[in-house]
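Working notes for the structure below.
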Amino acid sequence: MSSLCALLLLIVWKSALHQAVPQSGRSSPLVSPDGASALELGGAFGQTGGMSNPHDTPGMDAGLEALDTFLASDDAPPEAMMLSDLDGFLTGIAIGPELIMPSEWMPVVWGGGEPIFADSTQAQAILGTIMKRYNEILVQVEDGLIDPIFWTMADGTLIAADWAEGFLLAIGIRPRAWEPLLKSKRHAHLLLPILGLCGDETGQSALGLDAEGEEELASQAPDLIPACVEEIARFWRARNGRQPAPFQAAARTSPKVGRNDPCPCGSGRKFKKCCGNGLG
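Residue numbering for the sequence shown is -20 to -1, 1 to 260, as defined by mature numbering (1 follows the signal peptide of the UniProt record, and there is no 0).
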């Protein structure tokens, strides 16, 4: 387990009890200190009506497929995120307590390395897809139709652990800003399904669950996480009055982005000084 995950769990654990609460015929570790279930607190847990079900998500669009391929290629830095991690990371950035510009969080996507783009056209396409997904997440949160990108096993089982690790990285950019939620006795439990998927160095649950508990959490996480995201976003809106705004990609009059043009990530910096740094 990363030191950040351990610290966050310690804070959350002091704020939220870890008990079993019946939910849709299954047990859940989510309960607030006053004994109210997450369903009673947020009104979204355990409900799928009106919420996009990740089990029914159609195939990815061409842009996400191209991004997925690029992230898995040798052109991406060795420590770059994969698609599910990236989706969790973008979600944490999008719904978090403070607006964070792409110029600050984009290097985290690449793991501190530099992606190798074939040309400026590919760079614009890849970076544009990342920003498009960020904006899609904002729309999904606003509409209550949150549809995370999880890995799908051959048997149809959804794996949410990588998504959760990405979300944790987003918290790590501004951990102090997240403290009001982490220390909230009424709302800290919203992070448990996410932090609980972040294992330690031996692969064991960060929550210290036994094998049965780990399996239970893993099976419920794909259904719990969309509701967690919606409630976390609602928490920050109520506390900070923040209405997350989409990043607008720089308007272009030519099909390619020049090195001196505004970066397509929306940072406002020149492409060569931002995401195009190190490109040809």
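Beta carbons are placed, not taken as given, at the ideal position from N, Cα and C, and that holds for glycine.
A contact between stretches requires three or more CB pairs, one per stretch, nearer than 8 Å, and the segment 164 to 180 meets this requirement with the segment 144 to 152.
Residue state for threonine 137 is assigned as coil, using DSSP reduced to three classes.
Looking at the backbone, the Cα of alanine 150 and that of arginine 166 are separated by about 22 Å.
For glycine 72, the enclosing alpha helix (DSSP H) begins and ends at 63 to 75. With respect to the 8 Å criterion, lysine 112 and glycine 68 are not classified as neighbours on the basis of their beta carbons. Taken atom to atom, the span from the alpha-carbon of isoleucine 110 to that of aspartate 54 is near 18 Å. Nearest to cysteine 254 by alpha-carbon distance, out of Leu79, Ala103, Asp48, Asp203, is Ala103. In the three-state scheme derived from DSSP, where H, G and I count as helix and E and B as strand, tryptophan 131 is classed as strand. For leucine 118, the enclosing alpha helix (DSSP H) stretches over residues 100 to 123. The beta carbon of glycine 91 is closer than 6 Å to those of Pro57, Glu59, Ala60 in its chain, skipping five residues each way along the sequence.
Rounded to whole angstroms, the gap between the alpha carbons of glutamine 200 and alanine 140 is 10 Å. Apart from sequence neighbours up to five positions away, the residues of its chain that approach glutamate 78 with a beta-carbon distance below 6 Å are Arg154, Ala157, ordered along the chain. With a threshold of 16 other beta carbon atoms within 10 Å, glycine 136 falls short and is exposed.
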